[in-house]
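Right, one structure below, let's go through it.
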Amino acid sequence: MILRLNTDVVAGLVGLAFAALLWLPHGSMGRLSILFPRAVLVILVLLSVVLIIKGFIRPGERRVEITGSPRRLMVVAIGFFVWWIAINHIGFLVSTVVAFYALTWYLASVEGPVSWHRLLRWSPAILLLVGVFYLTFKEVLNIRLPAGFLI
1 MILRLNTDVV
11 AGLVGLAFAA
21 LLWLPHGSMG
31 RLSILFPRAV
41 LVILVLLSVV
51 LIIKGFIRPG
61 ERRVEITGSP
71 RRLMVVAIGF
81 FVWWIAINHI
91 GFLVSTVVAF
101 YALTWYLASV
111 EGPVSWHRLL
121 RWSPAILLLV
131 GVFYLTFKEV
141 LNIRLPAGFL
151 I
């Protein structure tokens, strides 16, 4: 599928939407701990507005080719949304392992059926990746991850 887009305006709108999404849950943060995220959000909003204005003054229209299946793209996007919701209910570690296995299976199934044996061969890489994310957030960055009813 080939789309003709004003990429500056689209990037600016995506930036504003992302900033709005990140701004919503800020209510539970303390006064000092919100300073850096608020500064980053202000910079993101300013850059997004500048991109939108630039897009109207000097449009940067480009032909964007989206290869692959739009259905697959939507399924993966919905899967990420479900994962985001599941993190709060199930917990970060378990929901991330399940999401990575599901994503790996779904994307690999494009080539044909995926056997359990083949999926199990990818387990060390999936578990290592999730473990690195978990330890980085929990131990290095000291970010409290949602526990849910599992880990």
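Counting with UniProt numbering, you get residues 1 to 151 for the letters of the sequence shown. Built from N, CA and C at the ideal position, the CB exists for glycine as well. Quantities reported herein were computed from a predicted structural model and do not represent experimental measurements.
- What's the call for phenylalanine 92, buried or exposed, on a 16-neighbour Cβ count within 10 Å? It is buried - the Cβ of phenylalanine 92 has at least 16 other Cβ atoms within 10 Å.
- Message: Taking the alpha carbon of tryptophan 84 as the reference point, which residue from Lys54, Glu65, Leu44, Thr96 has its own alpha carbon closest?
- Response: Comparing Cα positions, the closest option is Thr96.
- Query: Should serine 123 go down as buried or exposed, given a rule of 16 or more other Cβ atoms within 10 Å for buried?
  - Reply: By the neighbour-count definition (other C-beta atoms within 10 Å, threshold 16), serine 123 is an exposed residue.
- Item | Residues of its chain near threonine 104, where Cβ-Cβ distance is below 8 Å and the 5 sequence neighbours each way are ignored | Excluding residues within five positions, the ones whose Cβ falls inside 8 Å are Leu119, Trp122, Ile126.
- Message: I'd like to know whether the C-beta atoms of leucine 128 and arginine 62 end up nearer to each other than 8 Å.
- Response: No, Cβ-Cβ distance for leucine 128 and arginine 62 is not below 8 Å.
- Per DSSP, which one or two residues make a beta bridge with arginine 38? Assignment of beta-bridge partners to arginine 38 by DSSP yields no partner.
- Item | Own chain residues within Cβ distance below 6 Å of leucine 16, not counting five before or after | If we look at leucine 16 and ignore the five residues flanking it on each side, its Cβ neighbours are Ser48.
- Exposed or buried, what is valine 50 when buried is set at 16 or more other beta-carbons lying within 10 Å of its beta-carbon? Result: exposed.
- Query: Just how far apart, CA to CA, sit valine 9 and glycine 60?
  - Reply: Their Cα atoms are separated by approximately 9 Å.
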